[in-house]
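Trainee:
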């Protein structure tokens, strides 16, 4: 019975939890052409000092060992303070490449309906700190392309007339 | 004295529960550029309930945008204010995403 309960708890722990910290949505332009969805995700491992120290203490039998782990945990914690979302990562520039990835996935380079989710997939000791971006790539239709060409031609004619 | 202590404990427990009920927090808010034409307002609201705040997926928020797009077919939605809120009810939390914008026809 104990084994079954422990296994159930362990399964629940390793399944992980999802936390959503922030959500943003941009304007949605649906009249310029066909919309093709894009879904991108970047992540970094987050490290929880408290949980790591608890796990390390379990492996230590002596009081002196546990005290040493506590001291190390407190020293590291001093470097991690201030407002933040999720567990600390070793580098916070993991989301920098999202912009170039978005542009690469959209040949027309016209994006709309951009949604940004700052979320976390939670596992014991480590977490996945995730920035997820969903957007639509506008593929101009022949009508919009023709309309733009007409507009350009008209403007050119007006410009030549004025000259 | 003993029954009196039990009564006090009971009322303290009720008070703690009442204090826990309706704890609201704004997790994030964003707004896009507000248009000149503001006649046609479209709104959407999606939510999910979580026990102890534990959830296994955040995909529920994506319905907010698709709802808005359905209410403004082939149109443009601008001036969107999006809020992500949490309401705690003792052990349950209600995660709510609200989006409100202005629908206008396209330029073609």
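Protein chains in written order, with the working numbering: chain P, 29 to 191; chain A, 500 to 607.
We put the CB at the ideal spot given by N, CA and C, even for glycine.
Measuring only from the beta carbon, is residue 166 of chain P closer than 7 angstroms to any heavy atom that is part of the ligand PLP?
Mentor: With respect to the ligand PLP, the structure shown offers nothing to examine, as it has no ligands at all.
Trainee: Apart from the five residues just before and just after residue 52 of chain P, which ones in its own chain have a Cβ nearer than 6 angstroms to its Cβ?
Mentor: Excluding positions up to five away in sequence, the list reads 144.
Trainee: Given 8 angstroms as the limit, is there contact between the region 561–575 of chain A and the region 501–516 of chain A, that is, 3 or more CB pairs closer than that?
Mentor: Segments in contact, no.
Trainee: Between which two residues does the beta strand (DSSP E) holding residue 48 of chain P run?
Mentor: From DSSP, the beta strand (DSSP E) with residue 48 of chain P extends over 45–53.
Trainee: Do the region 117–130 of chain P and the region 88–102 of chain P meet, that is, are 3 or more Cβ pairs less than 8 angstroms apart?
Mentor: No contact exists between the region 117–130 of chain P and the region 88–102 of chain P.
Trainee: What would DSSP say about residue 67 of chain P, mapped onto helix, strand or coil?
Mentor: Strand, per DSSP.
Trainee: So, at 6 angstroms on beta carbons, what are the nonlocal neighbours of residue 599 of chain A in its own chain, with the 5 sequence-adjacent residues on each side left out?
Mentor: Answer for residue 599 of chain A: 542 and 580, listed in chain order.
Trainee: Measuring alpha carbon to alpha carbon, tell me which of A:586, A:597, A:575 and A:595 ends up nearest residue 604 of chain A.
Mentor: The option with the nearest alpha carbon to residue 604 of chain A is A:575.
Trainee: Nearest chain P C-beta to residue 614 of chain A closer than 8 angstroms, yes or no?
Mentor: No answer is possible for residue 614 of chain A: it lies beyond the span of chain A, which begins at 500 and ends at 607.
Trainee: Can you pull the chain A residues whose beta carbon is under 8 angstroms from the beta carbon of residue 143 of chain P, in chain order?
Mentor: Within chain A, the residues near residue 143 of chain P are 560, 561 and 564.
Trainee: Can you name the residues of chain A whose CB is closer than 8 angstroms to the CB of residue 52 of chain P?
Mentor: Going along chain A in sequence order, the residues near residue 52 of chain P (Cβ under 8 angstroms) are 527, 529 and 581.
Trainee: Report the neighbours of residue 596 of chain A on chain P: residues whose CB is nearer than 7 angstroms to its CB, in chain order.
Mentor: 51, listed in chain order.
Trainee: Taking C-beta to C-beta, are residue 68 of chain P and residue 130 of chain P nearer than 8 angstroms?
Mentor: In this structure, residue 130 of chain P lies closer than 8 angstroms to residue 68 of chain P by Cβ.
Trainee: Give, in chain order, every residue of the region 55–67 of chain P whose Cβ lies closer than 8 angstroms to some Cβ of chain A.
Mentor: Answer in chain order: 55, 56, 57, 58, 59 and 60.
Trainee: Within the same chain, show all residues whose beta-carbon is closer than 6 angstroms to that of residue 596 of chain A, passing over the 5 residues directly before and after it, in chain order.
Mentor: 545, 560, 563 and 583, listed in sequence order.
Trainee: Looking at the strands, I want to know which residues DSSP matches up with residue 162 of chain P.
Mentor: Partner(s): P:67 and P:143.
Trainee: Please return the same chain residues whose Cβ sits closer than 6 angstroms to the Cβ of residue 57 of chain P, not counting the five positions on each side in sequence.
Mentor: The residues are 140.
Trainee: How many whole angstroms separate the CB atoms of residue 114 of chain P and residue 60 of chain P, which I take to be in contact at a CB cut-off of 8 angstroms?
Mentor: With a Cβ gap of about 36 angstroms, residue 114 of chain P and residue 60 of chain P do not count as contacting.
Trainee: Look at the alpha carbon of residue 504 of chain A and the alpha carbon of residue 46 of chain P, and state the distance between them as a whole number of angstroms.
Mentor: The alpha-carbon atoms of residue 504 of chain A and residue 46 of chain P are separated by roughly 42 angstroms.
Trainee: Under 8 angstroms between the Cβ atoms of residue 50 of chain P and residue 160 of chain P?
Mentor: Going by C-beta atoms, residue 50 of chain P is not nearer than 8 angstroms to residue 160 of chain P.
Trainee: How would you call residue 601 of chain A, buried or exposed, if buried means at least 16 neighbouring beta carbons within 10 angstroms?
Mentor: That one is buried.
Trainee: Counting only Cβ pairs nearer than 9 angstroms, list the residues of chain A close to residue 162 of chain P.
Mentor: Chain A residues near residue 162 of chain P: 561 and 564.
Trainee: Closer than 9 angstroms by beta-carbon distance: list the chain P residues that pair up with residue 576 of chain A, in chain order.
Mentor: Simply 55, 56, 57, 58 and 141.
Trainee: In three-state terms, what does DSSP make of residue 600 of chain A?
Mentor: If DSSP states are grouped into helix, strand and coil, residue 600 of chain A belongs with the strands.
Trainee: If you measure from the beta carbon of residue 48 of chain P to each beta carbon in chain A, is any gap under 8 angstroms?
Mentor: Output row for residue 48 of chain P: interface = yes.
Trainee: Using the beta-carbon of each residue, which ones in chain P are nearer than 8 angstroms to residue 609 of chain A?
Mentor: This structure cannot speak to residue 609 of chain A, because chain A is shown only from 500 to 607.
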